[in-house]
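Visitor: One structure coming up, written as structure tokens, with questions to follow.
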Amino acid sequence: MRYKLYKAGKIWLTAAITIFSTLAISSNVNADVNNNETNGNQQVVQTGAHLKTSQTTNDATNQVVTTDGWQNKDNNWYYYQNGQAQTGWQNVSDNWYYLNPETNAMETGLQNIQNNIYYLNEQHNGTYGAMQTGWQNVNGNWYNFANNGAAIKGWYRSNAGYWYHFNQDGQAQTGWQMLNNHNYYFDLTNASAVSGWQNIDDNWYYFDPINVWQMNGWQQINNQWFYFDSNQKGKMLSGLQQINGHGYYLNPNHDGSFGAMQNGWQLIDGRWYGFGGPNDGAAYTGWHLINNRWYYFNSDGEARVGWQSINNHRYYFDPINAWALTGWQLLSGKWYYFDQQNAWLLTGWQTLNGSQYYLDPETGQMATGYTLVNGHRYYFDDNNAWALKGWQVLNNDWYYFDNNNAWALTGWQWLDNNWYYFAPTNNAMLAGLQTINNNLYYLNDQHDGAYGAMKTGWQLVNGSWYYFNNSGSALSSWQTINGNRYYFDPTNHQMFTGVHLINGDYYFFSPSGSQQKGLVYNPATGSLQYYDLVTGVRQNSAIVNGQTLYFNSTTGDLDLNNLADGLNKLGNNHYFKSNNRLVANTWEKVNGSWYYFGDNAAATTGWYKSPAGFWYYFNQDGTAKTGWQSINGHWYLFDANNANSVLGWYQSPAGFWYYFDPENAWAHTGWTFVGHNWYYMDPTNANMWTGGHWIDGHWVNLQSNGAFVGFSQRVINWFLAREGKLTYSMYGSRTGADGTADCSGSMTQAVWSAGGHTPAHTYSTLDLGNYLLQNGYYLAGRGRGVQNVQYGDIVIWGNPGASAGGAGHTVVISTAGPDPMCISTCGYYWSSNPNSRYGAAGQAVQEFNYQWYWNDDDRPYQMVYRPNFYWA
């Protein structure tokens, strides 16, 4: 016997090439899907086949000859044994064949025999017609035949662990198959059921690794969640999906986790979405507070951006980050405010950080500039948008906005102890002359701290005088004010000056507006006129101090032709005629004496101060005094040539020095402070003393220039001598020895240099006071209130033990008087280098008005140490 080995599908088969023997076979084949092997139970029996005799007629003997074995007749094979054609199953040379019971012909190909499918070799390869077992590919379909030749049906698991499914015809199924309510997919080539991840027709599926059925719904694979749509044969979904009423995002990117459920924030097509945690993944919907920021999500998890209306509130979500904006936001050039807690857009009036804002009720836009709300005008700051309150200047006009309601006031308003008027049309404060309710008012047009305030009393406006009563309205016609009569134009309310015709009579008003009576100088004509002493009406004649004078009936002027040129006496006054006019506001020298004819043309008597600031004194006859004069207990010296009072220092021809007060012109007596020094003037004759003298019980040495250089003066002189020379620093010698000094170090040095005790060290403002007490100073005052400081006082700023910064400073009072100066080393002028430890070069020693300096430094605590004035 010969064997040929060939492969049918997946199983190596043995084909026997031999002489067939006749067998009858009966078989029963079962496939056990629960085991790895298929059990075939085969029973071989001798069939009850009809025996047919093949006869051959021999003409010679007339005898039939039967040939056994295989015989081919009419292209069909038959098998004879003992001369009879066999039927049914026959085992011939260890191969099974099936001979048709009806025709005796050998069957080939697929045959259904007793409800089992067999495959009888139809290939002419030496075992034509033999029953095949194992895997066979027939007509492009796979079959698996058991050892008994019957085709396996139903489920079958190979030794390699692959699953197959065969239909009732024994064909191995391929492609998609629905079996027992499960979808399976069988390889199109080898028919094995696929498992795990599979890409089928460009779609991904997942098949159970054990049961090989296709998985549906949510599946956790390698710690990642995937969703397989049962409506699409379990196709894995990707991208945004709605599943069971929830939105999910299944990774659409082929990055190693394609289809995996994503969680947290996801940027999809330029839009943000939010999804739950690793084991949830459902899209956020509605409101979510994440990292203290509010977000709002659609049903698919998309975070809304831009303007959104939600539950009757408006919100704005950042276009990039999607969070709801809160607080102030500038959007498309407009400001909006969103509630800090709820994130919704606020509208209407809002008080934020103590300021009021108005947000448009419809749009929410922050109002700026003028805005009309409920009949009231408001102004919202152009930059910050808060409602302005109090005084505001806008477009060069002043407004006042109520401090409580913020609306612009109109009409009369009492503010800062003054009345102001705001125009009803535009709320602007009026200034200058204004007619309000048929009355004229003057609203201050001077920027003097009360601009716009209603003025009362006398007011000079545009060169004209007005008088406004206590209610602010301008007076008109005749008025008596402070005992004087005035007349105000009934039309424009301006005060009259000079000659005016009123109701048919002439009256005269001085340059200050008061009605003049008696003999009056008319500057327009340079003559005198006379106005009745009772009525004030101009007269044509009058008796003045027994002298009868006549006046022109038309002009009212005195006929000057009757007066001589030069000095004339009319009544009790002297006048000077020149060029047929009486001179006024003019100096004239007559017979060696100076006269001054004032604005009434009469010669001045008594004291007169010129515009240049010089004092003059005139006798009753108008002549100016010269030389030394004792007036009201004071000595004065009037220039012999010009008659003006001598001011300041003066040395007499005899060599004596005097000091005349710059303001009052009198000669000082007793102690006198000039510049930075004290001097002593003779109590009787006013001349300056020099040398040693007993004064107020003290022996005092006055220098040759009269200056008293006592202890305090020497302290002050130490600083004066170093003006422009020292630079402020706390890091050098502090005493000026190296060109740098600070306040306490230089004060220590100044007191020591003036004759004080040798200091234990260079003191600070903390212990300088003790050094001053050791040198005879006493504590004259302390506290934050105004102190009555005086010449020579050394003042330390800063509560003892709490000295720091500007509150740790010391000065010496360098001048006398009620508002003295002080001098010290200070860092008031600093270096232009912000990191410098030094003040401006050479600018350390400065002299300031004490009260100004103290106020400028925020009124620090003061310790006032006072010396004995007479210390030598």
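Residues 18 to 889, numbered by the working numbering, are exactly what the sequence shown covers, in order.
Glycine included, C-beta positions come from ideal geometry on N, C-alpha and C.
If I measure Cβ to Cβ from A491 and keep anything under 6 Å in the same chain, skipping five residues before and after, which residues do I get?
Guide: One-based indexing of the sequence shown puts residue 491 at position 474. Excluding sequence neighbours, A491 sits near L457, Y483, F485, H510.
Visitor: From the DSSP secondary-structure annotation, give me the bridge partner or partners of I813.
Guide: Residue mapping note: residue 813 aligns to position 796 of the sequence shown, counting from 1. Paired residues: T827, M880.
Visitor: For L127 versus Y136, is the C-beta spacing smaller than 8 Å?
Guide: Along the sequence shown, one-based indexing puts residue 127 at 110. Along the sequence shown, one-based indexing puts residue 136 at 119. A contact, by the Cβ cut-off of 8 Å.
Visitor: Which of helix, strand or coil does DSSP assign to G786?
Guide: Here residue 786 is taken as the residue at index 769 of the sequence shown, counted from 1. Note: G786 maps to helix in three-state DSSP.
Visitor: Give the list of continuous beta strand (DSSP E) stretches no shorter than 3 residues that lie fully inside the region 449-501.
Guide: The region 449-501 contains these whole beta strand (DSSP E) runs: 449-453, 456-460, 474-478, 481-485, 494-498.
Visitor: Please give the ranges of any beta strand (DSSP E) in the region 612-665, keeping only runs that are unbroken, at least 3 residues long and fully inside the region.
Guide: 623-626, 632-635, 644-648, 651-655
Visitor: Quick check for students: name the residue ranges of the beta strand (DSSP E) that lie wholly in the region 194-280, counting only runs of 3 or more.
Guide: 199-203, 213-217, 220-224, 234-238, 241-246, 256-260, 263-267
Visitor: Output the distance between the C-alpha atoms of N585 and N596, rounded to the nearest integer angstrom.
Guide: On the sequence shown, residue 585 is found 568 positions in, with the first residue counted as 1. On the sequence shown, residue 596 is found 579 positions in, with the first residue counted as 1. Cα-Cα distance, rounded: 14 Å.
Visitor: To the nearest angstrom, how far is the alpha carbon of L389 from that of T302?
Guide: Locating residue 389 in the sequence shown gives position 372, counting from the first residue. Locating residue 302 in the sequence shown gives position 285, counting from the first residue. So the two alpha carbons sit approximately 41 Å from each other.
Visitor: Under the rule that 16 or more other beta-carbon atoms within 10 Å means buried, what is T78, buried or exposed?
Guide: For this step, residue 78 is matched to residue 61 along the sequence shown. Reliability of the predicted coordinates at T78 is poor, the pLDDT of 45 falling under 50, and no value is obtained from them.
Visitor: Output the boundary residues of the alpha helix (DSSP H) element that contains F895.
Guide: The shown model of the chain, from 18 to 889, leaves out residue 895, and the question about it has no answer.
Visitor: Tell me which same chain residues have a C-beta within less than 6 Å of the C-beta of D873, skipping the five on either side of it?
Guide: Within the sequence shown, numbered from 1, the residue matching residue 873 stands at position 856. So no residue of the chain qualifies.
Visitor: What is the DSSP secondary structure of F736, reduced to helix, strand or coil?
Guide: In the sequence shown, counting from the first residue as 1, residue 736 sits at position 719. F736 falls in the helix class under three-state DSSP.
Visitor: If you follow the alpha helix (DSSP H) that T891 is part of, which residue opens it and which one closes it?
Guide: Summary: the structure shown does not reach residue 891, with the chain confined to residues 18 through 889, and so no result is reported for it.
Visitor: Leaving out the 5 sequence neighbours to the left and right, which residues in its chain are closer than 8 Å to R854 when beta-carbon positions are compared?
Guide: Counting from 1 along the sequence shown, the entry for residue 854 is found at position 837. Correct list, in chain order: S746, M747, Y748.
Visitor: State the DSSP-derived secondary structure class of W159, mapped to helix, strand or coil.
Guide: Along the sequence shown, read from residue 1 onward, the residue named residue 159 stands at position 142. Three-state result, W159: strand.
Visitor: Assuming C843 and A857 are in contact, meaning their beta carbons sit under 8 Å apart, how far apart are those beta carbons, in whole angstroms?
Guide: Your numbering for residue 843 matches position 826 in the sequence shown. Your numbering for residue 857 matches position 840 in the sequence shown. Wrong, their Cβ atoms sit about 11 Å apart, outside the cutoff.
Visitor: Could you tell me which whole beta strand (DSSP E) segments of length 3 or greater appear in the region 83-124?
Guide: 86-90, 93-98, 105-109, 112-116
Visitor: Give the C-beta separation of Y727 and T744 to the nearest angstrom, bearing in mind that I take them to be a contact with Cβ-Cβ under 8 Å.
Guide: On the sequence shown, position 710 is the one that residue 727 refers to. On the sequence shown, position 727 is the one that residue 744 refers to. The sequence shown places Gly at residue 727, rather than the Tyr named in the question. Contact flag wrong, Cβ pair sits at about 29 Å.
Visitor: Can you give me the C-alpha to C-alpha distance between E605 and T622, rounded to a whole angstrom?
Guide: Mapped onto the sequence shown, residue 605 falls at position 588. Mapped onto the sequence shown, residue 622 falls at position 605. So the alpha carbons of these two residues sit roughly 14 Å apart.
Visitor: Exposed or buried, which one is Y567 when buried takes at least 16 other CB atoms within 10 Å?
Guide: As a working note, residue 567 is residue 550 in the sequence shown. The residue in question, Y567, is exposed, as its Cβ has fewer than 16 Cβ neighbours within 10 Å.
Visitor: In the structure shown, what three-state DSSP assignment does Q730 receive?
Guide: Indexing the sequence shown from 1 puts residue 730 at position 713. Three-state result, Q730: helix.
Visitor: Among S274, Y313, N309, N308, which has the Cα closest to the Cα of R288?
Guide: What you label residue 288 is simply residue 271 of the sequence shown in a count that begins at 1. Checking every option, the nearest Cα to that of R288 belongs to Y313.
Visitor: Below 8 Å, how does it come out for the region 518-534 and the region 548-558: are there three or more Cβ pairs, yes or no?
Guide: For the pair of segments examined, the region 518-534 was found to touch the region 548-558: the number of CB pairs separated by less than 8 Å reaches three.
Visitor: DSSP beta-bridge partners for I840?
Guide: Position 823 of the sequence shown, counted from the start, is the residue given in the question as residue 840. I840 is bridged to V829, E864.
Visitor: On the CB-based measure, 16 or more other CB atoms within 10 Å of its CB, does I811 come out buried or exposed?
Guide: Your numbering for residue 811 matches position 794 in the sequence shown. With 16 or more Cβ atoms within 10 Å of its Cβ, I811 is classed as buried.
Visitor: Only counting runs of 3 or more residues, tell me where the beta strand (DSSP E) segments fall wholly within the region 309-393, in order along the chain.
Guide: 310-314, 323-327, 330-334, 344-348, 351-355, 365-369, 372-376, 386-390
Visitor: Whole angstroms is fine: what's the gap from I169's alpha carbon to F162's?
Guide: Here residue 169 is taken as the residue at index 152 of the sequence shown, counted from 1. Here residue 162 is taken as the residue at index 145 of the sequence shown, counted from 1. The straight-line gap from Cα to Cα measures roughly 6 Å.
Visitor: Helix, strand or coil, according to DSSP, for W869 in the structure here?
Guide: The sequence position of residue 869 within the sequence shown is 852, counting from 1. Looking at W869 - three-state DSSP - the assignment turns out to be helix.
Visitor: DSSP on N579, reduced to helix/strand/coil?
Guide: What you label residue 579 is simply residue 562 of the sequence shown in a count that begins at 1. It is helical.
Visitor: Helix, strand or coil: how does DSSP classify Q153 here?
Guide: Numbered from 1 along the sequence shown, position 136 holds the residue referred to as residue 153. Strand, per DSSP.
Visitor: For the beta strand (DSSP E) containing W403, name the first residue and the last one.
Guide: Along the sequence shown, read from residue 1 onward, the residue named residue 403 stands at position 386. Taken as a continuous stretch (DSSP letters only), W403 belongs to no beta strand (DSSP E), as it is neither H nor E.
Visitor: Whose C-beta lies closer than 6 Å to the C-beta of D462 among residues of the same chain, with five residues either side of it excluded?
Guide: For the purposes of this step, residue 462 is taken as residue 445 along the sequence shown, with counting starting at 1. A448, G449.
Visitor: Return the CA-CA distance between N421 and M446, expressed in angstroms with no decimal places.
Guide: As a first step, residue 421 is located in the sequence shown; it is residue number 404 there, counting from the start. As a first step, residue 446 is located in the sequence shown; it is residue number 429 there, counting from the start. Going by the C-alpha atoms only, they are around 19 Å apart.
Visitor: Is the CB of N501 under 8 Å away from at least one CB in chain C?
Guide: The structure shown has no chain C; it contains just one protein chain.
Visitor: Tell me which same chain residues have a C-beta within less than 6 Å of the C-beta of W304, skipping the five on either side of it?
Guide: As a position in the sequence shown, residue 304 is number 287, starting the count at 1. Y313.
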